[in-house]
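Per our numbering, numbering of the sequence shown is gapless, rising by one per residue and ending at 984. Input: a single structure, listed below in structure tokens.
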Amino acid sequence: MKKDSLRKAEPYLWILPSVILMGVFILIPIVSVFQMSMSDVSKAGKIKGFSGLANFTKVLRTPAFAMVLKKEDYASVVDLPASDSRVLRYLKGETLEVEDLVSSSEKAWQLVCVDGFPLGWGKSIGGVLKNKYLTGWRLC
Numbered sequence: 845m846k847k848d849s850l851r852k853a854e855p856y857l858w859i860l861p862s863v864i865l866m867g868v869f870i871l872i873p874i875v876s877v878f879q880m881s882m883s884d885v886s887k888a889g890k891i892k893g894f895s896g897l898a899n900f901t902k903v904l905r906t907p908a909f910a911m912v913l914k915k916e917d918y919a920s921v922v923d924l925p926a927s928d929s930r931v932l933r934y935l936k937g938e939t940l941e942v943e944d945l946v947s948s949s950e951k952a953w954q955l956v957c958v959d960g961f962p963l964g965w966g967k968s969i970g971g972v973l974k975n976k977y978l979t980g981w982r983l984c
């Protein structure tokens, strides 16, 4: 009886190694990638997108993140009127004098806004705002 069932299965036995290889090299990686993409934690317990505090602060200092904020969301804000010449100088990447808007003793990251709309970041040191606008976004 065993020989009879083996004879019936014999034409299909040559497929078995290829099915096993397909499962090992194709299906298992696809399933594992799908499972990782559905979880919030990747390998070694790291939350996706963050690998330490340094990377997190880099994300917070990007101009793209600054544009999501509102003027009311951030404590240190330099709000310039649209008619001010410093707006164009900020967009060109120049350092600004902001003694009239920021206390000269304050040393902090400032959200630079134009009429309440955020443009990017600057670092104020002694009444001077160091421009942190992305180089690729600057005007010529």
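Just so it is clear, CB atoms sit at the ideal spot from N, CA and C, and this is done for glycine as well.
Please list the terminal residues of the continuous beta strand (DSSP E) segment that includes residue i.
i           : result
leucine 963 : 961-969
valine 931  : Valine 931 -> not in any beta strand (DSSP E); alpha helix (DSSP H) instead, spanning 929-936.
leucine 924 : 921-924
Assuming residue i contacts residue j under a Cβ cut-off of 8 Å, what Cβ separation, rounded to an integer in Å, is found between them?
i             : j            : result
leucine 945   : tyrosine 977 : Incorrect: roughly 17 Å between the Cβ atoms, too far for contact.
leucine 955   : alanine 910  : 6 Å
aspartate 957 : valine 912   : In the sequence as displayed, the identity of residue 957 is cysteine instead of aspartate. Not a contact, Cβ separation roughly 13 Å.
glutamate 950 : serine 968   : 6 Å
For a quick check, are the C-beta atoms of residue i and residue j less than 8 Å apart?
i           : j              : result
serine 920  : tryptophan 965 : no
leucine 973 : threonine 939  : yes
proline 925 : aspartate 959  : yes
glycine 971 : glutamate 943  : yes
proline 962 : lysine 915     : yes
What are the partner residues of residue i, as DSSP defines its beta bridges?
i           : result
alanine 952 : Ser968
lysine 974  : Lys967
leucine 940 : Leu973
What residue range does the alpha helix (DSSP H) around residue i cover?
i           : result
leucine 857 : No alpha helix (DSSP H) holds leucine 857; DSSP gives it neither H nor E.
proline 907 : 907-910
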